[in-house]
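Engineer:
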Amino acid sequence: MRVLAFNGSPRMKRSNTEKILTPFLDGIRSAGAEVELVYLRRLKIQPCTGCFNCWFRTPGICAIKDDIQNLREKLLEADIVIFATPVYLFSSSGYMKILMERLLFPLTMPEFLLVNDRVYHPIRYQDRKWKSILIANGAFDGDDVFKPLIDMYERAIHNAVDNKGESSFMSLGNIIVGFGELFTDEHIKAKCAPFFNGMYNAGVQLVKKGYIPAENLEEVNKSIYLHAGITRQQAVEKINDIISESKANFILPSFLEKSDELK
Ligand SMILES: Cc1cc2nc3c(=O)[nH]c(=O)nc-3n(C[C@H](O)[C@H](O)[C@H](O)COP(=O)(O)O)c2cc1C
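Counting from 1, one number per residue, gives the positions in the sequence shown under our numbering.
#1: Between 232, 107, 77 and 231, which lies nearest to residue 162 when the distance is taken from Cα to Cα?
#2: From which residue to which residue does the beta strand (DSSP E) around residue 6 run?
#3: If you measure from each CB to the nearest heavy atom of ligand 1 and keep those under 6 Å, what residues do you get, in chain order?
#4: Cα-Cα, which of 242, 236, 227 and 192 is closest to residue 23?
#5: For residue 223 and residue 143, which I take to be in contact (beta-carbon distance under 8 Å), what is that distance rounded to the nearest angstrom?
#6: Quick one, which of 216, 189 and 56 has its alpha-carbon nearest residue 198's?
#7: From the DSSP output, in three-state form, read off residue 77 for me.
#8: Pick out whichever of 205, 243 and 221 has its Cα sitting closest to the Cα of residue 185.
#9: Starting from the C-beta of residue 262, find all residues in its chain whose C-beta is less than 6 Å away, skip the five residues before and the five after it, and write them out in chain order.
#10: Looking at residue 238 and residue 188, is the spacing between their C-beta atoms short of 9 Å?
#11: What do you reckon, are the CB atoms on residue 121 and residue 114 nearer than 9 Å?
#12: Three or more beta-carbon pairs under 8 Å between the segment 128-139 and the segment 81-88, yes or no?
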């Protein structure tokens, strides 16, 4: 089983996305699957230019010659794709959005299909199926914060369907983490051991069973403040404390000082 994971946070290894993804990928590896983790910020992936070469001139292949060509090959070899992103203005990070445009759109054919009163494109590779997982974290929490991102992602992976209305992608569920910045508090992070263990177990189960069991998904989707044993109001206050501290001590984040990390 091959797993291709995308970390769409510009903060890369220092990101909350990384904190959430790491135990999950550890669990996946420990159960014997092959994992490739890609930091989108490290790559050169230009935004889509809308030239439609991928539909009409070089079907399935984007005309822009950059790192997407390599990612396309990796995708074609993968069984499971993990899209991990922070919430940026109620959608994914720009890095993740550009990746989805460039990687997913060429998997569609130009024609339109009307299936069960919804409009789709036909799928390009009839014999290829992927399982996919969305992992998202935001500074806020609540369904209203994550809904636009989840809707965009779920419709994007179901942009193309076969005649039965089946997509090339099968969603294995979403892992949604609100109040992500609470992880910067070591005390709270320590209390979230059940969450991190849950992510590890979800990874193990994913490989063993081919899906994440419902009780496992429920555990990792439980709000961080509940794991931390505080109320939502206390979580907001805690985050405001973190913000005052940052305001008082703000220095350029070290990940911006180390130019080698940006390469
Ligand atoms: C440009 C920008 C836009 C953001 N927009 C949102 C938002 O709409 N909702 C939210 O909850 N958090 C938002 N955030 C906060 C991040 O989602 C949050 O800090 C997250 O924990 C960062 O994850 P990361 O460390 O994996 O990058 C935004 C942050 C930035 C820099």
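From the three backbone atoms N, C-alpha and C, an ideal C-beta is built for every residue, glycine too.
Structural biologist: This is what the structure holds:
#1: 107
#2: 2-7
#3: 9, 11, 15, 16, 17, 86, 87, 88, 89, 90, 137, 138, 139, 140, 145, 180 and 181
#4: 192
#5: That belief does not hold up - the Cβ atoms of residue 223 and residue 143 are roughly 11 Å apart, past 8 Å.
#6: 216
#7: helix
#8: 243
#9: Because the pLDDT of residue 262 is 48, which lies under 50, any placement of that residue in the model is unreliable, and the question is left without a value.
#10: yes
#11: no
#12: yes
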